[in-house]
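The block underneath contains the structure these notes are about, expressed in structure tokens.
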Amino acid sequence: MRIFDPHIHMTSRTTDDYQRMHAAGVRAVVEPSFWLGQPRTNVGSFCDYFDALLGWEPFRASQYGIAHHATIGLNPKEANDARCREVLDVLPRYLAKDRVVAVGELGYDSMTPEEDDVFAVQLGLAAEHGLPALVHTPHRDKLAGTRRTLDVVRESALEPGAVLVDHLNEMTVGVVAESGCWMGFSVYPDTKMDEHRMVEILRRYGLDRMIVNSAADWGNSDPLKTRRVAETMLAAGYTADDVDRVLWRNPVEFYGRSGRLELPETDAPVETEPGELVGARATFLGNSVLRGARE
Amino acid sequence: MSPVTTQDAIAQVASDPTSLERHFPAAARTAAREGLDGDAAREALLMAVPGPAASVIDAVRRVYDHGDAAERRAVLLALPALDAPGRANAIGDAALPIVRDALRTNDTRLVAAALGPYAAAHLDADAWRQAVLKVLFTGIPVERVAGLADRADDELARMVRDYAAEREAAGRVVPPDARTVLDLSLAHRAD
Numbered sequence: 005m006r007i008f009d010p011h012i013h014m015t016s017r018t019t020d021d022y023q024r025m026h027a028a029g030v031r032a033v034v035e036p037s038f039w040l041g042q043p044r045t046n047v048g049s050f051c052d053y054f055d056a057l058l059g060w061e062p063f064r065a066s067q068y069g070i071a072h073h074a075t076i077g078l079n080p081k082e083a084n085d086a087r088c089r090e091v092l093d094v095l096p097r098y099l100a101k102d103r104v105v106a107v108g109e110l111g112y113d114s115m116t117p118e119e120d121d122v123f124a125v126q127l128g129l130a131a132e133h134g135l136p137a138l139v140h141t142p143h144r145d146k147l148a149g150t151r152r153t154l155d156v157v158r159e160s161a162l163e164p165g166a167v168l169v170d171h172l173n174e175m176t177v178g179v180v181a182e183s184g185c186w187m188g189f190s191v192y193p194d195t196k197m198d199e200h201r202m203v204e205i206l207r208r209y210g211l212d213r214m215i216v217n218s219a220a221d222w223g224n225s226d227p228l229k230t231r232r233v234a235e236t237m238l239a240a241g242y243t244a245d246d247v248d249r250v251l252w253r254n255p256v257e258f259y260g261r262s263g264r265l266e267l268p269e270t271d272a273p274v275e276t277e278p279g280e281l282v283g284a285r286a287t288f289l290g291n292s293v294l295r296g297a298r299e
Numbered sequence: 030m031s032p033v034t035t036q037d038a039i040a041q042v043a044s045d046p047t048s049l050e051r052h053f054p055a056a057a058r059t060a061a062r063e064g065l066d067g068d069a070a071r072e073a074l075l076m077a078v079p080g081p082a083a084s085v086i087d088a089v090r091r092v093y094d095h096g097d098a099a100e101r102r103a104v105l106l107a108l109p110a111l112d113a114p115g116r117a118n119a120i121g122d123a124a125l126p127i128v129r130d131a132l133r134t135n136d137t138r139l140v141a142a143a144l145g146p147y148a149a150a151h152l153d154a155d156a157w158r159q160a161v162l163k164v165l166f167t168g169i170p171v172e173r174v175a176g177l178a179d180r181a182d183d184e185l186a187r188m189v190r191d192y193a194a195e196r197e198a199a200g201r202v203v204p205p206d207a208r209t210v211l212d213l214s215l216a217h218r219a220d
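Chains A and B, in that order, are what the protein sequence lines are. In terms of my numbering, the first sequence opens at residue 5 and continues consecutively. In terms of my numbering, the second sequence opens at residue 30 and continues consecutively.
Right under this line is the structure:
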């Protein structure tokens, strides 16, 4: 079973997680830039963070045989701090990078006028750079926030198929299904979605435009929730091909719009010496291994 | 982003070096579409920067500082060409700060790329020995280090012997590459 986790914050996770993810079948991830818990107060903090998402973290992932990509953007929470506004000026530089597969996470936190501005500007940047957009929906006042999100998307230069609206649940999936946007679900141990409710939603809305992620970060979360959803789907009677569609082909189709995914050969066995990391040999060969070559 | 060919990008950089920062990040994708090597395309872009060495080094610094890991690696790999003998605007040792930056990272792709012929020619002995030791520590194949046979000396041999003793004391295997470096150091002394 091959798994693409389309939303996971690996900078907050340990190497144990990378090992367990690889063992569970995860071969590719997208790490959206987001809020780090501690507010940032200047653009330099963001630059170092974005550089880590395009430098150190993909290297770390490659050691464990996992292809790492990023989405870059100014998140809605910090969009409200005027000191962080300069981030918008450096974004074009980052949106040109090879492994940047979308603009994000965008969207609303408290639905302020500042969040409106920053959201709309970044949807414009996505269109300019030929990138899709990853849009998060707010924790509070979620249905109203989701509707307002869809209104802003409709007014933007992006077509609905270039937008993934994330963190959906039973209350918000319907309006997004009607909009033509992709539907993202974050499966968590005790908030957002769980794997059984997830399978119910798949049963009700079908597999088209459906994206499942662990959104694992520095909070209570589990990087193997993608695998749990796959197992729950199989137990509910879905075929292995259905599972592959939701957990690999759908996210590949969405982020593939960027033209910048670099996916490993998912069926090639990796030979290692005892104690050697599965990706260790790849790391001396530059980026070639992630295009499928191996010495 | 308007699609540009590698040849167009090189011509644009030659006439307007400020366009380098626009072309450099996308250069590997463009090259891949044309069946070309991304690192070679990036080297050609850097080689096209006109003007005196100071302008070239300024361009090298900017794309390195603003680069992702693949861009930084490509810049490091291009340094020997940018410093080729006979080149009117050869950069000399002015790019050593980025070599040092790469050697401080834990990214083995960058460390390996930093230890090419440019470092062999310009890096001071202390920093170069530390870098070779880091190669042994991080498992980078030691044949990636340019000029090893020429620069391996008694002090490096002492450091590698201490490293081997520390591994043995911990009950760990001494990598064969440590023996390779020791042999080269001793052969060097015999010269």
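Heads up, the beta-carbon is just placed ideally off N, CA and C, and yes, glycines get one too.
For ALA38/B, would you say it is in contact with chain A, using Cβ-to-Cβ distances shorter than 9 Å as the test? Chain A contact via Cβ: absent.
With a threshold of 9 Å between beta carbons, is GLU195/B in contact with chain A? Contact with chain A is absent for GLU195/B, since none of that chain's Cβ atoms lies less than 9 Å from the residue's Cβ.
Alpha carbon to alpha carbon, what distance is there between ALA57/B and ALA207/B? The alpha-carbon atoms of ALA207/B and ALA57/B are separated by roughly 35 Å.
Which residues of chain B have a Cβ atom closer than 8 Å to the Cβ of LEU58/A, listed in chain order? Ordered by position in chain B, the residues that pass the 8 Å Cβ test against LEU58/A are ASP97 and ALA98.
The segment 60-72 of chain A contacting the segment 124-140 of chain A, beta-carbon criterion three pairs below 8 Å: No: the two stretches stay apart, fewer than three of their Cβ pairs being nearer than 8 Å.
At a CB-CB cut-off below 9 Å, which residues of chain B make contact with PHE63/A? Near PHE63/A (Cβ distances below 9 Å), the residues of chain B are ALA98, THR134, ASN135, ASP136, THR137, ARG138 and LEU139.
I want to verify the contact list: residues of chain A whose CB lies under 9 Å from the CB of PRO81/B, in sequence order. None at all; the shortest Cβ gap to chain A is about 26 Å.
Quick check: the Cα distance between ILE76/A and ASP97/B, rounded to an integer number of angstroms? If you take the alpha carbons of ILE76/A and ASP97/B, they lie about 13 Å apart.
Can you tell which of HIS11/A, ALA56/A and ALA65/A has the C-alpha that lies nearest to the C-alpha of THR18/A? Relative to THR18/A, the option among HIS11/A, ALA56/A and ALA65/A whose CA is nearest is ALA65/A.
N- and C-terminal bounds of the beta strand (DSSP E) containing ASN217/A: DSSP places ASN217/A inside the beta strand (DSSP E), whose first and last residues are 214-217.
Other residues of its chain near TRP39/A: CB distance less than 7 Å, five sequence neighbours each side excluded: Once the five neighbours on either side are set aside, the close Cβ partners of TRP39/A are ASN79, LYS81 and GLU82.
Reduced DSSP secondary structure (H/G/I, E/B, other) of VAL33/B: Coil, per DSSP.
Assuming the contact rule is C-beta atoms closer than 8 Å, VAL122/A and VAL167/A should be a hit. Round their C-beta distance to whole Å, please. About 16 Å separates the CB atoms of VAL122/A and VAL167/A; that is not less than 8 Å, and the two are not in contact.
Can you tell me whether DSSP reads PHE50/A as helix, strand or coil? For PHE50/A, the three-state secondary structure derived from DSSP is helix.
Going along chain A, which residues have a C-beta under 7 Å from PRO204/B? Listed along the chain, the chain A residues whose CB falls inside 7 Å of the CB of PRO204/B amount to none; the nearest CB is some 12 Å away.
Residues in the segment 109-122 of chain B having any Cβ partner in chain A nearer than 8 Å: The segment 109-122 of chain B vs chain A, Cβ under 8 Å: nothing.
One question on the structure: do VAL125/A and LEU58/A come within less than 9 Å of each other, judged by their Cβ atoms? No; because the gap between Cβ atoms is not below 9 Å, this pair is not in contact.
Buried or exposed for GLU299/A, please, with buried defined as at least 16 other CB atoms from any protein chain shown within 10 angstroms of its CB. Here GLU299/A scores only 24 on pLDDT, less than 50, and its place in the model is too uncertain to base an answer on.
I'd like to confirm the pairing. Which residues does DSSP put opposite GLU35/A in its beta bridges? In the DSSP secondary-structure assignment, GLU35/A is bridged to ALA74/A.
Neighbouring residues, chain B, relative to ARG97/A (Cβ below 7 Å): Within chain B, the residues near ARG97/A are HIS95.
Does the beta-carbon of ALA186/B have 16 or more other beta-carbons within 10 angstroms, so that it is buried, or is it exposed? Answer is buried; the Cβ neighbour count reaches 16.
Three-state secondary structure assigned by DSSP to VAL45/B: The sequence shown places Asp at residue 45/B, not Val. In the three-state reduction of the DSSP assignment, ASP45/B falls in the coil class.
Would you mind telling me which residues of chain B sit closer than 9 Å to ARG264/A, beta carbon to beta carbon, in chain order? Under a criterion of Cβ atoms nearer than 9 Å, the residues of chain B adjacent to ARG264/A are, in order, ARG58.
Alpha carbon of MET25/A to alpha carbon of ALA181/A, nearest angstrom: Whole-angstrom Cα-Cα distance: 30 Å.
Coil, strand or helix - HIS13/A by DSSP: Here HIS13/A sits in coil by DSSP.
So ASP94/B is in the alpha helix (DSSP H); what residue range does that whole segment cover? Bounds of the alpha helix (DSSP H) holding ASP94/B are 82-94.
Have a look at SER37/A, ASP85/A and ALA56/A and flag the residue whose alpha-carbon is nearest the alpha-carbon of ILE12/A. Measuring from the Cα of ILE12/A, the nearest candidate turns out to be SER37/A.
From ILE253/A to ASP9/A, what distance separates their C-alpha atoms? The residue asked about is misnamed: residue 253/A is Arg in this sequence, not Ile. Spanning the two alpha carbons is a distance of roughly 11 Å.
Quick one: grab the DSSP three-state call for MET115/A. Coil, per DSSP.
Closer than 9 Å, Cβ to any Cβ of chain A: which residues of the segment 141-162 of chain B, in chain order? Cβ proximity to chain A below 9 Å picks out ALA141 and ALA142 from the segment 141-162 of chain B.
Proximity test, Cβ basis, 9 Å: PRO46/B and chain A: For PRO46/B, the answer is no, since every Cβ of chain A falls outside 9 Å of its Cβ.
Using DSSP bridges, identify the partner residues of GLY188/A. DSSP lists ILE215/A as partners of GLY188/A.
Please classify MET175/A as buried or exposed, where buried requires at least 16 neighbouring CB atoms within 10 angstroms. It is exposed - the Cβ of MET175/A has fewer than 16 other Cβ atoms within 10 Å.
Please decide whether ASP93/A counts as near chain B, where near means a Cβ-Cβ distance under 9 Å. Residue contact check for ASP93/A against chain B: no CB pair falls below 9 Å.
Hey, how far is the Cα of ARG89/A from the Cα of VAL47/A? The C-alpha of ARG89/A lies about 8 Å from the C-alpha of VAL47/A.
Whole-angstrom distance between PRO268/A and VAL293/A, CA atom to CA atom: At VAL293/A, the pLDDT of 31 sits below 50, so the modelled position is not reliable; the number obtained from the coordinates is stated separately. Using only the alpha carbons, I get a separation of about 7 Å.
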